[in-house]
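Asks: If you read the sequence shown in our numbering, its first letter stands for residue 2, the second for the next number, and so on.
Pasting in a structure now, in structure tokens, and then I'll have a few things to ask.
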Amino acid sequence: MKLVIKPIKIDSLQENGNYLNYRNQLVLNDNLDFMGNPDFIRDMIPDTFFPCTFLFTTFLICKSGGAVVRIDGRDFALRSNILLSIPPNCIVEGFEADDSFKSAFIAAAPNCFSNEGNEAGKQLVRERLREPAAIRLDEMRITAELSLLSYIRKIILNPTEVLKEEALYGALHLLNCIAVRALHESENEVSGRSRWGHHDLMYRFLTELNLRFKKERSVSYYANVLCLSPKHFAQVVYKKSGKYAKDWIKEYVIREAKTLLRTGNYTVQEVSDLLHFPNAAFFGKYFKKAVGCTPKTYRATSFL
Numbered sequence: 002m003k004l005v006i007k008p009i010k011i012d013s014l015q016e017n018g019n020y021l022n023y024r025n026q027l028v029l030n031d032n033l034d035f036m037g038n039p040d041f042i043r044d045m046i047p048d049t050f051f052p053c054t055f056l057f058t059t060f061l062i063c064k065s066g067g068a069v070v071r072i073d074g075r076d077f078a079l080r081s082n083i084l085l086s087i088p089p090n091c092i093v094e095g096f097e098a099d100d101s102f103k104s105a106f107i108a109a110a111p112n113c114f115s116n117e118g119n120e121a122g123k124q125l126v127r128e129r130l131r132e133p134a135a136i137r138l139d140e141m142r143i144t145a146e147l148s149l150l151s152y153i154r155k156i157i158l159n160p161t162e163v164l165k166e167e168a169l170y171g172a173l174h175l176l177n178c179i180a181v182r183a184l185h186e187s188e189n190e191v192s193g194r195s196r197w198g199h200h201d202l203m204y205r206f207l208t209e210l211n212l213r214f215k216k217e218r219s220v221s222y223y224a225n226v227l228c229l230s231p232k233h234f235a236q237v238v239y240k241k242s243g244k245y246a247k248d249w250i251k252e253y254v255i256r257e258a259k260t261l262l263r264t265g266n267y268t269v270q271e272v273s274d275l276l277h278f279p280n281a282a283f284f285g286k287y288f289k290k291a292v293g294c295t296p297k298t299y300r301a302t303s304f305l
């Protein structure tokens with residue numbers, strides 16, 4: 002019998018407890034109050050949903066107690082002051098929590114406030130949080146994150162809030178930035194330094210790639226920016242990262258294409274234009290070779 006992995010949209014989350022849904026763009030829930038239900042997440046995401054893929058970004062912030070979430074075949078343990086970040090399209094296989102588990106949950110749709118903010122900044126956050134991560138937060142950061150969630154709830158519930166979506170985007174972006182900074186520091190503690198320092202070629206390459214991948218897809222372009230021959234540049238990138246430069250470039254392009262297609266706001270032609278392909282047919286071949294299906298098919302199956 003073939004295993005069916007169900008795609009779960011944000012509007013499929015079951016209402017319970019302190020559940021709050023803003024226009025199917027943003028969902029908040031928690032059990033932080035005294036009488037909070039330790040099973041609020043299981044009630045919101047029933048066992049019958051698993052295994053599934055979330056078609057949205059998820060943050061789960063543990064204040065006390067413990068839980069285990071199985072994602073892409075790995076168990077992520079949550080305990081006090083741990084933030085679990087789950088990007089879209091991961092396979093979530095199950096969730097277990099003890100009776101003392103207290104946490105806050107936030108889910109954001111892929112196109113959540115997509116017109117707000119700086120593109121380079123948004124792309125950098127996406128890059129750092131593109132894999133599931135259990136991130137330890139110090140007391141200052143856990144307090145800040147929970148305060149931000151409380152503030153977001155107040156903004157949503159206030160019918161007279163001026164510039165509501167701008168305020169929500171700002172609070173969400175700050176929440177992301179706190180998590181990214183904590184993740185960066187935890188990596189430094191393990192390795193003694195950042196994976197790639199500010200003057201390292203990989204750091205400079207990925208910084209440039211963040212800014213230019215929508216227009217520039219050639220290895221020679223990035224080699225030229227970094228004042229290296231394409232051959233030497235490719236060798237250094239592979240040696241440092243274990244991945245070819247062309248594959249780094251393709252990964253950024255395909256990830257952005259998938260994100261745009263999943264929103265449902267753009268046609269295949271529009272995505273092709275946004276990513277500066279010469280035409281939709283060329284984009285289609287590029288996408289199918291990388292993903293295994295056409296952009297049209299991928300877009301359609303994202304909304305089944």
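Here a beta-carbon is modelled for each residue, glycine too, at the ideal position from N, C-alpha and C.
All figures in this text were calculated on a predicted structure; none of them were measured in a lab.
With 16 as the cutoff for other CB atoms within 10 Å, does PHE35 come out buried or exposed?
Replies: PHE35 is exposed by the Cβ-count criterion.
Asks: Is it the case that the stretch 166-180 contacts the stretch 43-57, given that we only count it when at least three CB pairs across the two stretches are under 8 Å?
Replies: No, the stretch 43-57 is not in contact with the stretch 166-180.
Asks: From SER195 to PHE234, what does the alpha carbon distance come to, in whole angstroms?
Replies: Caution is warranted here: a pLDDT of 42 is assigned to SER195, below 50, making its placement in the model unreliable, and the coordinate value is therefore given only provisionally. Taking the straight line from one Cα to the other gives about 21 Å.
Asks: Got a sec, what are the start and stop residues for the alpha helix (DSSP H) LYS247 sits in?
Replies: LYS247 -> alpha helix (DSSP H) spans 246-264.
Asks: At the level of alpha carbons, what is the spacing between HIS185 and ILE136?
Replies: Looking at the two C-alpha atoms, the distance is approximately 10 Å.
Asks: Identify whether ILE46 lies in helix, strand or coil by the three-state DSSP scheme.
Replies: ILE46: coil per DSSP, three-state reduction.
Asks: Run the CB neighbour count on LEU158, radius 10 Å, all protein chains shown included, and call it buried at 16 or more, exposed below.
Replies: By the 10 Å Cβ count, LEU158 comes out exposed.
Asks: For the alpha helix (DSSP H) that contains ALA134, what are its first and last residues?
Replies: Here ALA134 belongs to no alpha helix (DSSP H); instead the beta strand (DSSP E) covers 134-137.
Asks: What number of angstroms, rounded off, separates the C-alpha of LEU138 from the C-alpha of LEU202?
Replies: Going by the C-alpha atoms only, they are around 30 Å apart.
Asks: Tell me, which residues are paired with LEU61 by DSSP?
Replies: Bridge partners of LEU61: LEU85 and PHE106.
Asks: Which residues mark the beginning and the end of the beta strand (DSSP E) in which ILE72 is found?
Replies: Its beta strand (DSSP E) spans residues 68-72.
Asks: How big is the Cα-Cα spacing for LEU84 and ASN280?
Replies: The alpha-carbon atoms of LEU84 and ASN280 are separated by roughly 42 Å.
Asks: Measuring CA to CA, which of ALA105, CYS228 and PRO133 is closest to SER148?
Replies: Taking only the C-alpha atoms, the option nearest SER148 is ALA105.
Asks: Verify whether the separation of the beta carbon atoms of ASP44 and ASN17 is less than 9 Å.
Replies: Yes; because the gap between Cβ atoms is below 9 Å, this pair is in contact.
Asks: So the candidates are THR260, LEU227, ALA301 and GLY293; which of them puts its Cα closest to the Cα of ASN90?
Replies: Out of THR260, LEU227, ALA301 and GLY293, THR260 has the C-alpha closest to the C-alpha of ASN90.
Asks: Check each candidate in GLY243, SER273 and GLY74 and name the one with the smallest Cα separation from GLU132.
Replies: The candidate whose alpha carbon is nearest that of GLU132 is GLY74.
Asks: So, helix, strand or coil for ASN22, using DSSP?
Replies: In this structure, ASN22 counts as strand in the three-state DSSP scheme.
Asks: Are the stretch 239-247 and the stretch 255-269 touching by the rule of at least three beta carbon pairs closer than 8 Å?
Replies: Contact between the stretch 239-247 and the stretch 255-269 is absent, because fewer than three Cβ pairs lie under 8 Å.
Asks: I need the boundaries of the beta strand (DSSP E) containing PRO160, first residue and last residue.
Replies: Careful: PRO160 lies outside any beta strand (DSSP E) and carries neither H nor E.
Asks: Measure the C-alpha to C-alpha separation of LEU229 and PHE288 and round it to an integer number of angstroms.
Replies: Cα to Cα, the separation comes out at about 29 Å.
Asks: To the nearest angstrom, how far is the alpha carbon of PRO296 from that of ASP12?
Replies: Their backbone Cα atoms lie some 24 Å apart in a straight line.
Asks: Bridge partners of GLY95, per DSSP?
Replies: Answer is ARG71, bridged to GLY95.
Asks: Name, in chain order, the residues that DSSP records as bridge partners for LYS232.
Replies: LYS232 is not bridged to any residue.
Asks: Mapping the DSSP letters down to three states, classify LYS7 as helix, strand or coil.
Replies: In this structure, LYS7 counts as strand in the three-state DSSP scheme.
Asks: Going by C-alpha to C-alpha distance, which of LYS7, PHE96 and ASN22 sits closest to PRO39?
Replies: Of the listed residues, the one whose Cα sits closest to PRO39 is PHE96.
Asks: What are the boundary residues of the beta strand (DSSP E) that includes ASP34?
Replies: Segment: none, ASP34 is in no beta strand (DSSP E) and carries neither H nor E.
Asks: Going by the beta-carbon positions, is the gap between ILE46 and LEU14 smaller than 9 Å?
Replies: Closer than 9 Å, so yes.
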